[in-house]
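Q:
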């Protein structure tokens, strides 16, 4: 039955990776996969716990389901709050406060501005939302489609690199932060330089080939404009509540999702008051309630399904066996664990990085006798590799898939034009991380043990 569980999981993985050719949403596949795995597992008492009676077995299953559902719910509610806040800012055109400041038409200068802005914006928002915002901006800045594709490709690289070093930037880093594998200051200090190098190297390569100015499209938009002071208000409040979340966790030691939901509550009340007081020419400003109607719920359900799938493999002991095999091949000391993370990063360009990181967390649990304890370089390098490795293919990250859908970028075009750039950045950033860990953090104990 172990072989059956593994086979079902691999088939589910395949369907998720082939979402677009199969034309079946990966969220549906993930939900089915999670349910099927636990259903198979519940009938495997004689294999996994042969000495346990039926009632005790079902109690064991129930306790594990509730426990893992609670851990998964922390991530799901965190993402739900974050996505609602970001979408509300977008609904209020808050990001225009930033994007309207971009006036340059020089190709090389614009590339640097877009990439740096994407890098740091992705550290506050999630990389998919950042990519969507930046592509919407590119449509206002660049008329030629193929030229815009190049900048959109660089947005994908910068968004994934920017999300990797922030505890609230990329979903995988959020998972490691909420799971307790990394702490706020530690993940920032250890990975920001490597992530920056991962972004800068492709920009330097592409920038060397760009000359002249871009042609801007004719703006014929009749979109209702939110008053400037309200755009600024919602943007500032939204950014402040996102920054508040890690501060809340540090002060209270409560789960981050509580801080996120508290911040959402503050912004929700503000949007209700603003919407009630401002009405013009039949236009009503959005509230958090109306924003909830068009957030990306399928993505949230995908996380729910895939994390519950991985939890089944963990309870069945399959992940522990996999960890033992990897440890035997590469070892648990440097440089062995660096190779494990690098492999996971490359795999994340083909298979979604969320289940890969979830599997890694299950393979190497924290607690007494943990192989990789809190703030071990394995976890920080995993955050970097899983976050940036997805850039190797356009289907390898949420940011890539979002841009692919918006701009209709061809898979083969991305493979020819962007993949080698992404690989150069990925390897350069990885080497920088390893060198810094071996030569700097390993020798300065207080940096290695940052809280």
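Numbering (the working numbering), first residue to last: 155 to 605.
Heads up, the beta-carbon is just placed ideally off N, CA and C, and yes, glycines get one too.
What is the residue span of the alpha helix (DSSP H) that residue 457 lies within?
A: Where residue 457 is concerned, the enclosing alpha helix (DSSP H) stretches over 451–469.
Q: Name the DSSP beta bridge partners of residue 438, please?
A: Bridge partners of residue 438: 433.
Q: Please classify residue 260: does DSSP put it in a helix, a strand, or coil?
A: Three-state result, residue 260: strand.
Q: Using the Cα positions of residue 516 and residue 249, report the straight-line distance between them to the nearest angstrom.
A: Rounded to whole angstroms, residue 516 to residue 249 spans 38 Å at the Cα level.
Q: What number of angstroms, rounded off, separates the C-alpha of residue 212 from the C-alpha of residue 199?
A: Residue 212 and residue 199: Cα-Cα distance of roughly 9 Å.
Q: Using 10 angstroms around the beta-carbon of residue 482, count the other beta-carbons present and answer buried if the total reaches 16, otherwise exposed.
A: Label assigned to residue 482: exposed.
Q: Does the Cβ-Cβ distance between residue 560 and residue 548 come in under 9 Å?
A: Not in contact: residue 560 and residue 548 (Cβ atoms no closer than 9 Å).
Q: Enumerate in chain order the residues of its own chain whose CB-to-CB distance from residue 355 is below 7 Å, with the five nearest sequence positions on each side excluded.
A: So the list reads 578, 579 and 582, once near-sequence residues are dropped.
Q: Measuring only the C-alpha atoms, how far is residue 500 from residue 550?
A: Approximately 9 Å, taken between the alpha carbons.
Q: Beta-carbon within less than 6 Å of residue 180's beta-carbon, same chain only, minus the 5 sequence neighbours each way: which residues are those?
A: Excluding positions up to five away in sequence, the list reads 170, 173 and 456.
Q: Our contact map puts residue 322 next to residue 400 with C-beta atoms below 8 Å; I'd like the distance itself, whole angstroms only.
A: Indeed they touch by this definition, with Cβ atoms about 7 Å apart.
Q: Helix, strand or coil, according to DSSP, for residue 209 in the structure here?
A: Note: residue 209 maps to helix in three-state DSSP.
Q: Name the one or two DSSP bridge partners that residue 367 has.
A: DSSP lists 260 as partners of residue 367.
Q: With a CB to CB cut of under 8 Å and the five nearest residues on each side skipped, what residues in its chain are close to residue 605?
A: Below a pLDDT of 50, predicted positions are generally treated as unreliable, and residue 605, at 44, falls in that range; no measurement from the model is reported.
Q: Assuming residue 463 and residue 157 form a contact by the criterion Cβ under 8 Å, report the distance between their Cβ atoms to the nearest whole angstrom.
A: Their Cβ separation, rounded to whole angstroms, is 16 Å, which puts residue 463 and residue 157 out of contact at 8 Å.
Q: Run through DSSP, which three-state label would residue 299 get?
A: Three-state result, residue 299: helix.
Q: Cα-Cα, which of 433, 362, 369 and 299 is closest to residue 266?
A: When only C-alpha atoms are compared, the closest one is 362.
Q: May I ask you to verify whether the segment 509–527 touches the segment 261–277, counting CB pairs closer than 8 Å and requiring at least 3?
A: Segments in contact, no.
Q: Taking the alpha-carbon of residue 512 as reference, which of 522, 537 and 353 has the nearest alpha-carbon?
A: Nearest C-alpha to residue 512: 537.
Q: Return the Cβ separation of residue 420 and residue 395 in integer angstroms, given the expectation that the two are a contact with Cβ distance under 8 Å.
A: Yes, residue 420 and residue 395 are in contact; Cβ-Cβ is about 6 Å, under 8 Å.
Q: Leaving aside the five residues before and after residue 642 along the sequence, list all residues of the same chain whose C-beta is less than 8 Å from its C-beta, in chain order.
A: The shown model of the chain, from 155 to 605, leaves out residue 642, and the question about it has no answer.
Q: How is residue 605 classed by DSSP in three states: helix, strand or coil?
A: Any reading at residue 605 must be qualified, since the residue scores a pLDDT of 44, below 50, and its modelled position is unreliable; the value itself is stated next. Coil.
Q: Taking the alpha carbon of residue 609 as the reference point, which residue from 575, 586 and 595 has its own alpha carbon closest?
A: Outside the modelled stretch of the chain, which goes from 155 to 605, sits residue 609, for which no answer is possible.
Q: Quick check: the Cα distance between residue 491 and residue 526, rounded to an integer number of angstroms?
A: Computed Cα separation, rounded: 10 Å.
Q: Relative to the C-alpha of residue 244, which candidate in 286, 432 and 209 has its C-alpha closest?
A: Per the Cα distances, 286.
Q: Locate the alpha helix (DSSP H) running through residue 383, then write down its first and last residues.
A: Element bounds for residue 383: 382–406.
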